[in-house]
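Below is one structure, written out as structure tokens, with a few remarks after it.
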Ligand SMILES: Cc1cc2nc3c(=O)[nH]c(=O)nc-3n(C[C@H](O)[C@H](O)[C@H](O)COP(=O)(O)OP(=O)(O)OC[C@H]3O[C@@H](n4cnc5c(N)ncnc54)[C@H](O)[C@@H]3O)c2cc1C
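Numbering (my numbering), first residue to last: -4 to 249.
Next comes the structure, spelled out in structure tokens:
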């Protein structure tokens, strides 16, 4: 039986839209921020993601999800893609797609992993690797709206050169007052850093995060193993599981 179309929905966020690449910002050799022009884009909230669809000449299609790494700006949509070397879609997005070419995008998707500027609670963001992408949209949305909600960001990367949005996070503007950034390096620490390289610990989450009785909103994003460790650790530290929002990007830890 054919399903009836729901007016205003299948032409809305469920519709595939042509998305033309208009700008590329090289974050690292393996990760690029891609800005697309998407006519008719309905807007989005910080933390949401999109579905991306690639179609080969023979009609074969591949579809993946990517977080929006910047707030809505008219018809412009930014995602930040980290290349997975043996992957099907991410190497093409990072190395193959050229400015002026088009793919398809559907969204925005997601109603739970969201930060709204009107939310008064302090915010704890914990990101691993490319899991910084939706958290960066929240940091930028806070800046864009002039919010004074205190943010603490803990960002785990393998080495200093692997950090995405490094300049923006290391050199905050006056509009970022109240944003506190802590860095975790898992494999290579910057010269002079007294912390030896290693994975984030419960003690570091306690030291760089908020006490549980401040009832912060917690957003955790990154590889599956990272997210599960951090979410469990936050519960151990007394945070209510209901205020811990998680987004898992991939199957592996590290
Ligand atoms: C809601 C959501 C939001 C996401 N947002 C982003 C984002 O903002 N930026 C981003 O770069 N990615 C993001 N991802 C991950 C993205 O959807 C793809 O999974 C990733 O780009 C790999 O796709 P691929 O086709 O290149 O690899 P695939 O062909 O799917 O996989 C190839 C191999 O890599 C492994 N693999 C797949 N994904 C990962 C991963 N993330 N890390 C390590 N190994 C992996 C697979 O197990 C397989 O062995 C998001 C995922 C979800 C579910």
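Glycine included, C-beta positions come from ideal geometry on N, C-alpha and C. The structure presented is a predicted model; accordingly, all values stated were derived computationally and were not measured.
First through last residue of the beta strand (DSSP E) which encompasses residue i
i: residue 217; result: 212 to 217
i: residue 93; result: No beta strand (DSSP E) contains residue 93, which DSSP labels as neither H nor E.
i: residue 41; result: Where residue 41 is concerned, there is no enclosing beta strand (DSSP E), given that its DSSP letter is neither H nor E.
i: residue 122; result: 118 to 123
i: residue 178; result: 174 to 180
i: residue 72; result: 71 to 77
i: residue 18; result: 12 to 23
i: residue 146; result: 146 to 152
i: residue 59; result: 56 to 62
Residue of the options minimising C-alpha distance to residue i
i: residue 188; options: 54, 163, 213, 177; result: 177
i: residue 17; options: 93, 38, 81; result: 93
i: residue 128; options: 112, 151, 235; result: 151
i: residue 113; options: 41, 76, 67, 242; result: 41
i: residue 245; options: 69, 123, 196; result: 123
i: residue 230; options: 134, 205, 65, 108; result: 205
i: residue 234; options: 216, 200, 217; result: 200
i: residue 50; options: 97, 120, 116; result: 97
i: residue 20; options: 53, 76, 43; result: 76
i: residue 68; options: 39, 48, 220; result: 39
i: residue 185; options: 226, 125, 154; result: 154
i: residue 74; options: 219, 130, 107, 190; result: 130
i: residue 87; options: 101, 57, 121; result: 57
i: residue 149; options: 220, 139, 164; result: 164
i: residue 115; options: 137, 170, 85; result: 137
i: residue 242; options: 145, 11, 55, 105; result: 105
i: residue 171; options: 147, 197, 183; result: 147
i: residue 250; options: 103, 222, 220, 140; result: Examination of residue 250 is not possible in this model, given that the chain is present from -4 through 249 alone.
i: residue 70; options: 221, 30, 228; result: 30
i: residue 175; options: 197, 190, 145; result: 145
i: residue 60; options: 95, 91, 103; result: 103
Contact with chain C by residue i, beta-carbon distance below 9 Å
i: residue 37; result: Protein chains in the displayed structure number just one, and chain C is not present.
Span of the alpha helix (DSSP H), counted from its first residue to its last, around residue i
i: residue 32; result: Looking at the DSSP string, residue 32 is not in any alpha helix (DSSP H); the run it does join, the beta strand (DSSP E), is 26 to 32.
i: residue 137; result: 127 to 140
i: residue 163; result: 161 to 165
Cβ-Cβ distance between residue i and residue j below 9 Å
i: residue 34; j: residue 8; result: no
i: residue 203; j: residue 173; result: no
i: residue 99; j: residue 14; result: yes
i: residue 118; j: residue 224; result: no
i: residue 66; j: residue 132; result: yes
i: residue 181; j: residue 192; result: yes
i: residue 45; j: residue 63; result: yes
i: residue 32; j: residue 72; result: yes
i: residue 120; j: residue 43; result: no
i: residue 135; j: residue 11; result: no
i: residue 125; j: residue 217; result: yes
i: residue 221; j: residue 195; result: yes
i: residue 197; j: residue 226; result: no
Can you find at least 3 beta carbon pairs, one from the segment 15 to 34 and one from the segment 146 to 164, that sit closer than 8 Å?
yes
Report the residue ranges of all alpha helix (DSSP H) runs contained in full by the segment 182 to 235; include only those spanning at least 4 residues, in chain order.
Runs found: 197 to 203, 219 to 231.
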